[in-house]
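Just so we're aligned, residue 544 is where the sequence shown starts under the numbering used here, counting upward by one. To start, the structure under review is shown below, and the notes come after it.
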Amino acid sequence: MPHVNTRTRGEQNRSHGGRRTVAGVAIGLLVVATALGFGELAAGLLRATSPVVTVGDALVDNSPPFLMEWAISLFGTADKAVLITGVLVILVLVGAVLGVVALRRPLVGYAGLLVFAAAGLAAVVLRRADDLGAASAVVVGAAAAAVALALLLRKARALTGPENGTGEEGAPGTAQGTGPVGAEGEDEPPADAEGATAAVPAPGPDRGPGRRGFVLTSAGVLAAAGSAGALGRWLPSLTGGAGSRAELALPAPASALPPLPAGADLGIPGLARFTTPNQDFYRIDTALTIPRLDSTRWTLRVHGMVDRPFEIDMDELLSRRLVEADITLTCVSNQVGGDLVSNTRWLGFPLADLLREAGVRSGADQILSTSSDGWTCGTPTEVVMDGRDALLAVGMGGEPLPHVNGYPARMVVPGLYGFVSATKWVTDIKLTRFADEQAYWAQRGWGVRAPVKTMSRVDVPAPLGRVDSGEVVLAGVAWAQHRGIDAVEVRVDDGDWWEAELAAVPGIDTWVQWVAETTVDPGNHSVQVRATDSTGFTQPAERVDPIPDGATGWHRIQFTAA
């Protein structure tokens, strides 16, 4: 007895529509993967910025200030990962929809690719107008995606058949049957002599070969996209030779600092170390990917309101009289009690000497520095020229700057928050006026001069930690760069303040560790701390948010004694 398909035509059409939807979603995702993978490959080959990062940078640059502040406060150092993830999620969702539509209307799919390419090129213009490599990466990614779309659509037609049925057009068992049309507009199957509905004939050709072709093509596209993306991500790490960080040999400082004074690090478990290891040094910047510059190609241009503009390369910089300085850096986004503060020993050339060589003109009250990724920073000229250890740094912690901390060169200015002083990957210094030009964060309403505020923090006991009752050690750090800390006071359970013991420090530009001891009974307790700097100013109790020019307030932690 011949096999018959007992499903109604409506069921067949619904099944057919489901296959088309699944195939369309797969096509959309694979096309997005191809665009991303080959865009990464082109960026890696051209040493340019990948399309996703270019779009992310443009979003950061053109987002409202309140949105950026909210993202920093909510996600902290994870804000960049969240942004990139958001961009990718949007691409995936839109790509899936376009894939479904393109299966029915291919021109819509190709038009969608053109829109995405246009958006990527617009981002290049907004963020990196002079980066032809970034524009090329967008074009290459879009072209590869168009090829993938064409291949996948051709294979999908063999899998799903024409839009109006499940078999080949005109073949037996397709929607071209001759049965009467029912009330729903569907072809009704013919009735037999007893009035029963006859079974619908089986659909036409077997879809097995079509399915295998689509799966194999999809696998090939996915493999090509993944390989291209992996290779593109790997290529920047191949930078070697004299320009790589591993090959850069730092000269000995012309004026070496003595070892840290005995007792600078109290060695208390849980207390931040006096010298922050390079791998633990905080990182806050707008770069979505870490620039990996070649020191042999690096140059710094000094120009603007100067008598003698010039450029300097790494060989010349390293041949100069480099000096060491112990300096604590602090991010303006640091909340009361936060950890966006670190300390180390830096190696570099005095910025003041660099500016004197250029001959700063009267009225040039701003040093407008620019990083390799286009970020700008405005630093008061008089601060750099007042005798403090402001450096064009090339080393930290006894080794070349890590890539994440600004390799091959960055600015370090003690006493100012990083957003007005600590340009990483610096490539340009322009002497100008605050009244004439605004730096990146100044354009968004943040502070302009932003000296670091006097601050202190409790590290021990750990917040919400548990300790044994009886004698308890309290410890933490305090800082007021370029003023220094004269006293730290603590109190337990809102009782009387008493003065903590301060560790030794090498100078006024670093933080200082403090320690105190007390006795507590079993139960819940709190510790609060405040610091007084060398000017006699005691940090205020009033809580002020970090933006626009730094937080204030006393840090308090809760702990339990058992």
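For glycine and all other residues, C-beta sits at the position ideal for the given N, C-alpha and C. Because the structure is a prediction, the values reported are computed rather than measured.
Whole beta strand (DSSP E) elements within the segment 852-929, 3-residue minimum: List check, beta strand (DSSP E) in window: 853-856, 866-873, 884-893, 909-914 and 919-923.
Anticipated Cβ contact below 8 Å, Gly599 with Leu831, distance rounded: Confirmed, about 5 Å.
Start and end residues, beta strand (DSSP E) containing Asp1029: Annotation for Asp1029: the continuous beta strand (DSSP E) segment containing it runs Ile1028 to Val1035.
Entirely enclosed beta strand (DSSP E) segments - the segment 959-987, minimum 3 residues: The qualifying runs are 969-975.
For Val1070 and Thr1062, the rounded distance between their alpha carbons: So the alpha carbons of these two residues sit roughly 12 Å apart.
N-terminal and C-terminal residue of the beta strand (DSSP E) that Ala1021 is part of: Annotation: the continuous beta strand (DSSP E) that includes Ala1021 extends over Gly1013 to Trp1022.
Whole-angstrom C-beta distance between Leu656 and Ile570, which should lie under 8 Å: Wrong, their Cβ atoms sit about 12 Å apart, outside the cutoff.
Beta carbon of Val875 nearer than 8 Å to that of Ala993: With respect to the 8 Å criterion, Val875 and Ala993 are classified as neighbours on the basis of their beta carbons.
Residue closest to Val937, alpha-carbon to alpha-carbon, out of Asn948, Asp908, Ala680 and Val879: For the set Asn948, Asp908, Ala680 and Val879, the Cα lying nearest the Cα of Val937 is the one of Asn948.
Assigned exposure category for Gly716 - 16 Cβ within 10 Å defines buried: Note that Gly716 scores 40 on pLDDT, short of 50, meaning its location in the model is unreliable; the coordinates nonetheless yield the value given after this. The residue is buried, with at least 16 neighbouring Cβ atoms inside 10 Å.
Residues near Tyr825 by beta carbon distance below 6 Å, same chain, minus five either side: Counting only residues of its own chain and dropping the five nearest sequence neighbours on each side, Tyr825 has a CB closer than 6 Å to the CB of Leu883 and Ser885.
Closest by C-alpha distance to Val1003, when choosing among Gly638, Ala661, Ala699 and Ile811: When each option's Cα is compared against that of Val1003, the closest is Ile811.
Nearest-angstrom beta carbon gap, Val1033 and Ala1005 [assumed within contact, 8 Å]: Contact between Ala1005 and Val1033 does not hold, since the beta-carbon distance rounds to 16 Å and is not under 8 Å.
As assigned by DSSP and simplified to three states, the class of Glu583: Helix.
Per-residue DSSP class, three states only, for Phe824: Three-state result, Phe824: coil.
Rounded separation between Trp989 and Ala665 - CA only: Note on geometry: alpha-carbon atoms of Trp989 and Ala665 lie some 27 Å from one another.
Backbone CA spacing between Met857 and Val1015 [nearest angstrom]: Annotation: Met857 to Val1015 spans about 51 Å, alpha carbon to alpha carbon.
DSSP state of Arg540 mapped onto helix, strand, coil: Shown here, the chain extends from 544 to 1105; a query on residue 540 therefore has no answer.
Span of the alpha helix (DSSP H), counted from its first residue to its last, around Thr1062: Counting along the chain, Thr1062 falls outside any alpha helix (DSSP H), though it belongs to the beta strand (DSSP E) covering Val1055 to Val1063.
Short CB-CB distance (under 8 Å) between Val991 and chain C: Although the question refers to chain C, the structure presented lacks it and comprises just one protein chain.
Residue of Val927, Arg776 and Pro893 minimising C-alpha distance to Ala907: Relative to Ala907, the option among Val927, Arg776 and Pro893 whose CA is nearest is Val927.
Cut-off 6 Å between Cβ atoms - residues of its own chain near Ala771, not counting five sequence neighbours on either side: Hits under 6 Å: Gly580, Phe581 and Leu584.
Residue from Val575, Trp613 and Arg754 with nearest C-alpha to Val637: Selected option, being the one with the closest Cα: Val575.
Cα-Cα separation between Met954 and Ser964, rounded to whole angstroms: When rounded, the distance between both Cα atoms is 7 Å.
Span separating the alpha-carbon of Arg1009 from that of Phe1102: Distance between the alpha carbons of Arg1009 and Phe1102: 6 Å.
Check whether Gly940 and Asn821 have beta carbons under 8 Å apart: Going by C-beta atoms, Gly940 is nearer than 8 Å to Asn821.
C-beta atoms of Asp932 and Ile870 nearer than 8 Å: Cβ atoms of Asp932 and Ile870: closer than 8 Å.
CA-to-CA distance, Val1087 to Leu573, given in whole angstroms: Near 49 Å, if we compare the C-alpha coordinates of Val1087 and Leu573.
Cβ contact (3+ pairs, closer than 8 Å) linking the segment 857-867 and the segment 977-991: With the cut-off at 8 Å, the segment 857-867 and the segment 977-991 do not touch.
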